[in-house]
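Report on one structure; see the data block that follows.
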Amino acid sequence: MLNEKLVKMLSDQENYEFYSAYIYLGIANYFADKNLNGFANWFTIQTQEERDHALLFNQYLLNNGENPTLDAVDKYDNNYPDFRSPLETAAGHERKVTARINDIYAAAFELHDFRTMQFLDWFVKEQGEEEQNIDDILNRYDLFGTDAKSLYMLDQELSARVYSAPSLVL
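Mapping to our numbering: the sequence shown position 72 is 67, numbers consecutive.
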């Protein structure tokens, strides 16, 4: 059985992952509306990844005899003043997700819940990749995103991203 505090943290994280998907779908819609379909593609795939992360938390809780609590997803406003702003939003959001995963990991460590720590190991690694990916896009946008031809090339590059489901075995 999982510790009650840890169950709440894991369930809250599941809901936050669904919220993350909601944020990224809003960003994808923003870029699609601006005809930056490569950016829209990248964030649509990010939406799918976040949804899958939520489902991994859900399955972990179920596998441990817990009934996950699903909360309402907060409304998300996807109005941005420029193309850089949603990238900043995504980068900041990934840092928040990392902090939350680290907090859950610390709680599991404190409780000597090694099974939960092992489950979270994948998310710790994944968050490093998530932060790096969005930081790379943001840095590249800062280098040449205000030049129309370069923005077009970056958009084309982002359109090549394809979805691949997480390989975490529960």
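Glycine included, C-beta positions come from ideal geometry on N, C-alpha and C.
Selected residue, minimal CA-CA separation from residue i, among the options
i      : options                        : result
Asp131 : Arg79, Val92, Phe114           : Arg79
Asp28  : Val119, Ala155, Ser145, Tyr75  : Tyr75
Ala67  : Leu(-3), Glu12, Leu153, Asn134 : Glu12
Asp69  : Glu44, Lys3, Ala16, Gly123     : Ala16
Ile53  : Ser6, Glu44, Asn24, Gly140     : The amino acid occupying residue 53 in the given sequence is Asn; Ile does not appear at that position. Residue Ser6 is the option with its Cα nearest to Asn53.
Tyr14  : Glu45, Ile99, Asp98            : Glu45
Asn10  : Gly123, Lys144, Tyr25, Leu51   : Leu51
Tyr19  : Ile129, Gln8, Ala94, Ile99     : Ile129
Val157 : Asn30, Gln43, Lys0, Tyr25      : Gln43
Ala143 : Ala23, Ile22, Asn30, Gln8      : Asn30
Ala85  : Gln122, Lys0, Tyr147           : Gln122
Pro63  : Ser145, Met112, Ile96, Glu(-1) : Glu(-1)
Gln8   : Val92, Asn59, Ala102           : Val92
Per-residue burial, residue i [other beta carbons within 10 Å of its own, 16 or more giving buried]
i      : result
Ser159 : exposed
Val2   : buried
Pro161 : exposed
Asn134 : exposed
Phe139 : exposed
Asn36  : buried
Gly21  : buried
Ala94  : exposed
Tyr25  : buried
Asp77  : exposed
Leu82  : buried
Asp98  : exposed
Thr111 : buried
Boundaries of the alpha helix (DSSP H) in which residue i is found, first to last residue
i      : result
Glu61  : Taken as a continuous stretch (DSSP letters only), Glu61 belongs to no alpha helix (DSSP H), as it is neither H nor E.
Tyr17  : -1 to 28
Asn134 : 109 to 139
Leu97  : Reading the sequence as shown, one finds Asn at residue 97 and not Leu. First-last of the alpha helix (DSSP H) with Asn97: 79 to 105.
Asp142 : First-last for Asp142: undefined, no H or E at that position.
Nearest-angstrom Cβ-Cβ length linking residue i and residue j, presumed shorter than 8 Å
i      : j      : result
Glu61  : Leu106 : Not a contact, Cβ separation roughly 15 Å.
Phe114 : Tyr55  : 5 Å
Asp116 : Phe34  : Between Phe34 and Asp116 the Cβ distance is about 31 Å, and since that is not below 8 Å, they are no contact.
Glu89  : Glu126 : 5 Å
Val119 : Tyr100 : 7 Å
Ser154 : Asn32  : 6 Å
Thr39  : Ala23  : 4 Å
Chain D contact for residue i (CB, 8 Å cutoff)
i     : result
Asn53 : Annotation note: the requested chain D is absent from the structure, which comprises a single protein chain.
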